[in-house]
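Residue numbers (our numbering): 1 to 871.
Beneath this line is the structure, given in structure tokens, with notes to follow.
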DNA sequence: ACGGGCCGCGCC
DNA sequence: AAAGGGCGCGGCCCGT
């Protein structure tokens, strides 16, 4: 496909979708469509190597080349390809590969059928139909050919593939892949244990430039066609192909519409069919994948070698050295973790699904019944539709950003006819039917709007309407008691709510009746009506939160597409973020509900196998410690050195009156009960100065993200001036942080990049021509990236340290998952305590047994039978 | 019927 | 006018 420069630019208007009508999806890799930044223009960009779903309308002139010409150029490859379609030939070749040609570097690539890469894990899914191996133009791998193409489909299936085991499994034979994870898994489905991993060109490309997500993506095609990437490729002979050509360019056909005319949709036959019926072109297409992967590797290697690698200010070599030392082993480790997977208790999830469904129905009925008094059709409405909710509460309102647009007072919606309502004059229920929703008849004030200017109907917005009333279920009201606050790592939003709660409950007795109600109380005429409105909307909040738990977690985790034969869930762990954090997909195991809010205890479903336990270990205030180190901030470093409650200490440093109280021992910073002591000898700071500590804590979290006084003022509901004053208090003792942040902004401004602890760079190519707002965004990213990215570096080093540990390996402990500042391992229960101590040691000293940071790294670890219990 | 845009929300 | 960083994903609605 074309680079996204074109995608976002002049060509974008020519783009169209093509329908994916292949019965079995052919795939050479996993795929994802992704979203652009919230307000940014770039919308969908291919992230991983895959055939794209966006093509130029004019198929005849892609890049000025006629598809027939593409095919002709492709055919030249055929002369280089040794087609291996029988076992004895395979045996001969493998003998060569593993003896006289053992020292070469090989690029490998598979083509896979019977897998839906958007939904399924490649672990225990997919069938390899062919693969290609290439090691450069000069090696004669037989008959003077330089590229091997192996027909797995008709050349011997599993048997011919297994002939290549000595090649794939030899750790001394260096192999380069584009998205190693996918190929590794599909090959391992045949019982092979792939070894000799040498490089993943996708990771190398990300190390070279992490911002291609919005400017081209990381598909093999996009990368090998990008002159900026391939500029250093060796000059190739006339007509030689380097860049990958996508499947649809070669094999795409315009769909013929019913009337016989050519449609705009483009279809591609199943890959098995292509392999058999378009054999020559298919072989060339497939061979080109490994050829272009090797060229890409050589180009990226040359590029990375030219870059300096500076680790915490010290020259360490080239950025390719960084790749070899960190991301190569990390890439291999991630694939191992994916292979392991996490065991999930399906019976438990099924049980929770039943419970959640019942509770959701109750709450739904309650809301619908109330709303139908104002608008009858709400009985049939979809309470999960934000459009329908917006219509009810805000019908008629004008758009805040674009006053020329406004919601109609009344609107019809097409809904699934789940209630099988039969319309007048009809005999059977239709699949869909229309309902009419109009404004409930009252004006509701709101301060929360969506990015596009419409009033928000999010959970937060609805909570403001409802206030702090209970939804008052008849059956299950007291079945659910939220856990008490045992968690220190609150998000600022949660802390604001915490504040509101304090205010709400501190209001005098006679007012408490009305003060707990939200804005809907007055809107619906106070009294009984107002009260019922608030309760109904509270029920609606319940529906939303239950629904999101069901559809985001309870249901997907039970699906078979993301689990292997062993019933374990194999998510994909990707190095694909701008900052160097991991992301997890299919499913995203990094966003499982946290303990406090998790009414169905979903983390309890993640279990260890019989006889095994999980170890869950996480860093305490990792990002703040990183910030203290990077900025060399005396006050923060001291606070961490002193230990104890960091946020209390921050509050003490911000407010002189607290400082004085601590000095005079009127309050305690923290207190560990000593034997014989029942309660602290003086009040704790976190109780005596709770609101100051909350502010301090919030600033601790917010400042690293670049939050502005304007944003804080909005959250705190105070004036900007007041918010600014509090921010200044925070910075007063932390001038180094202020200075460091200014330096990062300047660095981003002048060099268009910033760096992490280990010396990775993040580019800001948009800096040169950024609007004021965009510039602000980049500046915040510039101060956040070194913090977040360095934390990611530390977490990676810790994982590598753990994976290198011989004792852990011997005891049978394996890494399963990482959630940014947390790792999860599984192993035999009998050695859990020993293993836990080793894990803590590895994480505390993640750099080959050392910690060169100016702060200690605090690690909290637990072992238990499931994830919930181990937190 | 499918995919994109949008919204909303889960996590750190 | 916008005013906290980084993700993935599901539902809805609307276009094709």
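Ideal Cβ placement from N, Cα and C applies to all residues, glycine included.
Could I get the ranges of all uninterrupted beta strand (DSSP E) runs contained in the segment 162-247, with 3 residues as the minimum, in chain order? The segment 162-247 is shown to contain whole beta strand (DSSP E) runs of 3 or more residues at 174-177 and 197-200, in chain order.
Going by beta carbon distance, what residues of the same chain come within less than 8 Å of residue 642, once the five residues before and after it are set aside? Around residue 642: 649.
Excluding the five sequence neighbours on either side, which residues of its own chain have a C-beta within less than 8 Å of the C-beta of residue 588, listed in chain order? Within the same chain, residue 588 has close Cβ partners 571.
Please report the residue range of the alpha helix (DSSP H) in which residue 370 lies. For residue 370, the enclosing alpha helix (DSSP H) has its first and last residue at 346-371.
Look at residue 442 and residue 367 and say whether their C-beta atoms are less than 8 Å apart. Their beta carbons are not under 8 Å apart, which means residue 442 does not touch residue 367 by this criterion.
Using a Cβ-Cβ cutoff of less than 7 Å, which residues in the same chain neighbour residue 61 once the five nearest sequence positions on both sides are dropped? Caution applies to residue 61, whose pLDDT of 40 falls short of 50 and renders its modelled position unreliable; the model cannot decide the point.
How should residue 707 be labelled, buried or exposed, when 16 other C-beta atoms within 10 angstroms of its C-beta is the threshold for buried? Counting of Cβ neighbours within 10 angstroms places residue 707 among the buried residues, the total reaching 16 or more.
Take the Cβ of residue 493 as the centre, count every other Cβ of all protein chains shown within 10 Å, and call the residue buried at 16 or more, exposed below. Note that residue 493 scores 41 on pLDDT, short of 50, meaning its location in the model is unreliable and no value can be drawn from it.
Flag residue 636 as yes when its Cβ comes closer than 7 Å to any non-hydrogen atom of the ligand GTP, and as no otherwise. This structure lacks the ligand GTP, and indeed carries no ligand of any kind.
Does DSSP put residue 85 in a helix, a strand or coil? The three-state secondary structure of residue 85, taken from DSSP, is coil.
What is the C-beta distance between residue 714 and residue 651, in whole angstroms, given that I count them as a contact (C-beta under 8 Å)? The pair is not a contact, with the Cβ atoms about 22 Å apart (cut-off 8 Å).
My understanding is that residue 949 touches residue 114, with C-beta atoms under 8 Å, so please give their C-beta distance in whole angstroms. Given a span of 1 to 871 for the chain in the structure shown, any question on residue 949 remains unanswerable.
Straight-line gap, residue 610 to residue 796 (C-alpha atoms, nearest Å): The alpha-carbon atoms of residue 610 and residue 796 are separated by roughly 29 Å.
Report the three-state DSSP secondary structure of residue 629 (helix, strand or coil). DSSP places residue 629 in helix when its eight states are reduced to three.
Residue 409 classed as buried or exposed, judged by whether at least 16 other C-beta atoms fall within 10 angstroms: Burial call: exposed.
Does the Cβ of residue 249 have 16 or more other Cβ atoms within 10 Å, making it buried, or fewer, making it exposed? Residue burial annotation: residue 249 is buried, with at least 16 other C-beta atoms found within 10 angstroms of its C-beta.
My output table needs one value for residue 886: the three-state DSSP class, helix, strand or coil. Examination of residue 886 is not possible in this model, given that the chain is present from 1 through 871 alone.
Around the Cβ of residue 519, are there at least 16 other Cβ atoms within 10 angstroms (buried) or fewer (exposed)? Note on residue 519: 16 or more other CB atoms within 10 angstroms of its CB, so buried under the neighbour-count rule.
Start and end of the alpha helix (DSSP H) containing residue 672? Unbroken run through residue 672: none, as it is neither H nor E.
Whole angstroms are fine: how far does the CA of residue 201 sit from the CA of residue 217? Those two C-alpha atoms are separated by around 13 Å.
What's the C-alpha gap between residue 829 and residue 838? Answer to the nearest angstrom: the Cα atoms are 15 Å apart.
Inter-stretch contact at 8 Å, needing at least 3 Cβ pairs: the segment 90-110 / the segment 287-302: A contact exists between the segment 90-110 and the segment 287-302.
May I have the straight-line CA-CA distance separating residue 846 from residue 794, to the nearest angstrom? The alpha-carbon atoms of residue 846 and residue 794 are separated by roughly 7 Å.
Taking buried to mean at least 16 other C-beta atoms within 10 Å of its own C-beta, is residue 853 buried or exposed? Answer is buried; the Cβ neighbour count reaches 16.
Quick check: the Cα distance between residue 49 and residue 179, rounded to an integer number of angstroms? Residue placement at residue 49 is flagged as unreliable, the pLDDT there being 47, under the threshold of 50; the coordinate-derived value follows with that caveat. Each residue's alpha carbon lies about 7 Å from the other.
Residue span of the alpha helix (DSSP H) that contains residue 413, given as start and end: Residue 413: not part of any alpha helix (DSSP H); member of the beta strand (DSSP E) spanning 410-416, first to last residue.
What is the rounded straight-line gap between the Cα of residue 402 and the Cα of residue 455? Whole-angstrom Cα-Cα distance: 12 Å.
Name the residue from 683, 416 and 171 whose alpha carbon lies nearest to the alpha carbon of residue 332. Out of 683, 416 and 171, 171 has the C-alpha closest to the C-alpha of residue 332.
In three-state terms, what does DSSP make of residue 682? Judged by DSSP in its simplified three-state form, residue 682 adopts coil rather than helix or strand.
Where the alpha helix (DSSP H) containing residue 839 begins and where it ends: Counting along the chain, the alpha helix (DSSP H) containing residue 839 begins and ends at 832-844.
Terminal residues of the alpha helix (DSSP H) in which residue 328 lies: First-last of the alpha helix (DSSP H) with residue 328: 328-340.
Rounded C-beta distance between residue 78 and residue 242? I'm assuming under 8 Å. Approximately 16 Å separates the beta-carbon atoms of residue 78 and residue 242; this is outside 8 Å, ruling out the contact.
Pull up the CB-CB distance for residue 554 and residue 600, whole angstroms please, since I reckon it's below 8 Å. Yes, residue 554 and residue 600 are in contact; Cβ-Cβ is about 7 Å, under 8 Å.
Thinking residue 753 and residue 763 are a contact (beta carbons under 8 Å), I'd like their distance in whole angstroms, please. Confirmed, about 5 Å.
Which residues does DSSP list as the beta-bridge partners of residue 955? The shown model of the chain, from 1 to 871, leaves out residue 955, and the question about it has no answer.
Residue 102 and residue 173 - do their beta-carbons sit closer together than 8 Å? At a Cβ-Cβ threshold of 8 Å, residue 173 and residue 102 count as neighbours.
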